[in-house]
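S.K.:
Chains as they are written, first to last, in the numbering used here: chain A, -17 to 339; chain B, -17 to 339.
#1: Buried or exposed: which applies to residue 53 (chain A), given that a residue is buried once 16 or more other Cβ atoms fall within 10 Å of its Cβ?
#2: For the region 74 to 102 of chain A, enumerate the residues whose C-beta is nearer than 7 angstroms to any C-beta of chain B, in chain order.
#3: Strictly under 8 angstroms for the Cβ-Cβ distance: is residue 305 (chain A) near chain B by that measure?
#4: Could you please give the first and the last residue of the uninterrupted beta strand (DSSP E) stretch that includes residue 312 (chain B)?
#5: Quick one: list the residues of chain D neighbouring residue 200 (chain A), beta-carbon separation under 7 angstroms, in chain order.
#6: Determine contact between the region 127 to 147 of chain A and the region 309 to 317 of chain A, defined as no fewer than three beta-carbon pairs at a distance below 8 angstroms.
#7: Identify every run of the alpha helix (DSSP H) within the region 128 to 170 of chain A, keeping only runs that are complete inside it and at least 4 residues long; order them along the chain.
#8: Below 8 angstroms, can you find three or more Cβ-Cβ pairs linking the region 49 to 63 of chain B to the region 75 to 90 of chain B?
#9: Rounded to whole angstroms, what is the Cα-Cα separation between residue 33 (chain B) and residue 278 (chain B)?
#10: Just to confirm, are residue 43 (chain A) and residue 86 (chain A) a CB contact at a threshold of 8 angstroms?
#11: Whole-angstrom Cβ separation of residue 356 (chain B) and residue 166 (chain B), contact assumed at under 8 angstroms?
#12: What is the rounded straight-line gap between the Cα of residue 188 (chain A) and the Cα of residue 177 (chain A)?
#13: Should residue 242 (chain A) be flagged as near chain B, meaning a C-beta pair shorter than 8 angstroms?
#14: Put residue 101 (chain B) into one of helix, strand or coil per three-state DSSP.
#15: Taking residue 206 (chain B) as part of the beta strand (DSSP E), name the residues at either end of that continuous run.
#16: Can you tell me whether residue 22 (chain A) is buried or exposed? The criterion is at least 16 other CB atoms within 10 Å of its CB, across all chains shown.
#17: Taking residue 220 (chain B) and residue 161 (chain B) to be in contact with their CB atoms under 8 angstroms, please state how far apart those CB atoms are, rounded to whole angstroms.
#18: Considering only the alpha carbon of each residue, which of B:333, B:169, B:209, B:158 lies closest to residue 235 (chain B)?
#19: Which residue or residues does DSSP assign as beta-bridge partners of residue 290 (chain A)?
#20: Under 9 angstroms, CB to CB, which of the residues in the region 171 to 194 of chain A have a partner in chain B?
#21: Just the Cα atoms here: how many angstroms apart are residue 222 (chain A) and residue 191 (chain A)?
#22: Provide the residue(s) that pair with residue 334 (chain A) in DSSP beta bridges, ordered along the chain.
#23: Name, please, each residue of chain A whose Cβ falls closer than 9 angstroms to the Cβ of residue 229 (chain B).
#24: How would you write the range of the beta strand (DSSP E) that residue 78 (chain A) sits in, first residue to last?
#25: Hey, is residue 66 (chain A)'s beta-carbon within less than 8 angstroms of any beta-carbon in chain B?
#26: Where do the ends of the beta strand (DSSP E) carrying residue 244 (chain B) lie?
#27: Please classify residue 199 (chain A): is it buried, with 16 or more other beta-carbons within 10 angstroms of its beta-carbon, or exposed?
#28: Three or more C-beta pairs closer than 8 angstroms, one from the region 195 to 209 of chain B and one from the region 318 to 327 of chain B: is that the case here?
#29: By Cβ distance, which residues of its chain are closer than 6 angstroms to residue 269 (chain A), with the 5 residues on each side in sequence left out?
#30: Could you check whether residue 282 (chain A) and residue 256 (chain A) sit closer than 8 angstroms to each other, using their CB atoms as the reference points?
#31: For residue 154 (chain B), which option in B:226, B:331, B:330 has the closest C-alpha, if you only look at C-alpha atoms?
#32: Give me, in chain order, the residues of the same chain whose beta-carbon lies closer than 6 angstroms to that of residue 264 (chain B); leave out the 5 immediate sequence neighbours on both sides.
#33: Could you tell me whether any Cβ in chain B is nearer than 8 angstroms to the Cβ of residue 196 (chain A)?
#34: Let me see if you follow: with CB-CB separation under 8 angstroms, is residue 62 (chain A) close to chain B or not?
#35: Taking 8 angstroms as the CB-CB limit, is residue 316 (chain A) close to chain B?
#36: Does any residue of chain A have a CB that is nearer than 8 angstroms to the CB of residue 330 (chain B)?
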């Protein structure tokens, strides 16, 4: 069985945006653990290396220099501090970089290395516990999670807005949208299900077909963060919601819901829905995580469902609800109701983070 | 910034054995969460698809049919129940499949689908809470975790041995070994560190070199489960320990430690150590997770360390200690002391699972 000295080839596996549940961030039930996960280097590598994300922020900040020049800024959840640096580059007088994780110490080093230590004040802690010396002209934050609202850092941005933003001050970005489309995944889900029909029988002479139903239940009970190819989409996408960061309230975010109706491109089996978001900055600058755009570290989110045969112009209708978990407001519960044409309506519940509480 | 309708190619990412910390199993601080993670389908897909693992067990069970024919068996941590099925195929009179996670229900279905429901009794719960109707002739278990002892399911096997194995009964496998070798990783770690020197400067005109030290600290503070190519190894491996499952005690497993001395192949920079295990069954059947053998779902475990220049015949010496966490016996703390030739000794501590408690 063992042959200790047969060299094997190194398989170079890239881990950019693989099919997975949320794996990079450890999600247990308290904020401490949430903030601790952001002290880890991997998530910051991913974010800095994500040039779609970071370049969109850089462009938005530099192009809005008129609003930032000689102004004060809060960077909410500053991470490595790169957005604070961009703001100083755009001419900001002073930036308060608020970061609850231990990354806060790194921001100080970064500010010094870029000769900006006099213009960036690092505040190590939760924004909600902070007493800033002044109100600010601008809030900048990269608060978006998978499916936009997973992790709910948006609430801290709204807290900053309500407590520290001067009247007439700006928020970057100031607008967010959630999108959805039905998909036919023939590449990923079907092989994972048929695995149980074939592999154990072929390899070990065991009938494990009974596991298929269980696998289906498991895969349909949580959202999958994955890179969705454009050709999976089986209708034009639909916008589910518009969030105006100047007016939205924390209460509005407890539950986000929308009805949908898609008209299918052609004959296929719909076996899921893809959800993604975009955010907008003043000056028509958009950061999109659409499957039709360059991939970002957010990828897209897939909600698998019971397979539905459709034809050209079939109507796929239903309702999507994203609800914050009561046990941990950073977690999401998703309820999807869906049907095609006159098929009967089905319901599927998904839990994103935590254990379904 | 956004270009909603430019189709992108689907990148087909395989997720077999990627560079990562332990991501498949959620690791929080109690057994419930440990067992819940095994109700998830992915880990079972990985294990069944791992033909090195499953075929080694199948071969070992079928070739030892003389010890199993008309005998009774406990399958400790039965998972999908595949090892229980193999035992019935080998002629076992009765198998008690003990499984604490909700997979227990699937084992019942599997036994029925293979017409073995009268010869497999599924016991849903922890072995330590079970009252079996009889002692058994054989214990079979696939208890091994990353670095062998991560997750410590071995303790349940020893409990089964001490409480339910007849005198003269057998354990499959009955022997385990841990191995180690120094490595020079030029493919993975150096680009992750130099990322901070180059990418932010090139892409965003920001000096983020200060993050390099932080990245190094992060990457050196935990073990990395990854596929190590044979050519990274810079000396012949050394065996760290031998575990005889007939005689080892739970107390023996609290801390496993060994000194090592490697003689280097040639001039290079050692920047870590690779650790792996093998287990042996009666009849000279071995399941190896060596970097020189076919890859398994366990991959290997890498402990990165400070870079050490070495020459041909340089001696790399030190001491490795694997200690169970007091807060959660399934987690491991690893302490590595190491030096090359007459360089001064360094020490690095790694935490595997949990938060370093």
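Beta carbons: idealized from backbone N, C-alpha and C, even for Gly.
Given the structure is predicted, the values throughout are model-derived calculations rather than measurements.
M.R.: Concretely, from the data shown:
#1: buried
#2: 88, 91, 92, 95, 96
#3: no
#4: Unbroken run through residue 312 (chain B): none, as it is neither H nor E.
#5: The structure shown contains no chain D; the protein chains it does contain are A and B.
#6: yes
#7: 136 to 146
#8: yes
#9: 8 angstroms
#10: no
#11: There is simply no residue 356 (chain B) to check, as chain B begins at -17 and stops at 339 in what is shown.
#12: 13 angstroms
#13: no
#14: coil
#15: 206 to 208
#16: buried
#17: 7 angstroms
#18: B:158
#19: A:252
#20: 174, 177, 178, 181, 182, 185, 186, 187, 188, 189, 190, 191, 192, 193
#21: 38 angstroms
#22: A:314
#23: Simply none; closest approach about 23 angstroms.
#24: 76 to 81
#25: no
#26: 237 to 245
#27: exposed
#28: no
#29: 38, 261
#30: yes
#31: B:226
#32: 46
#33: yes
#34: yes
#35: no
#36: no
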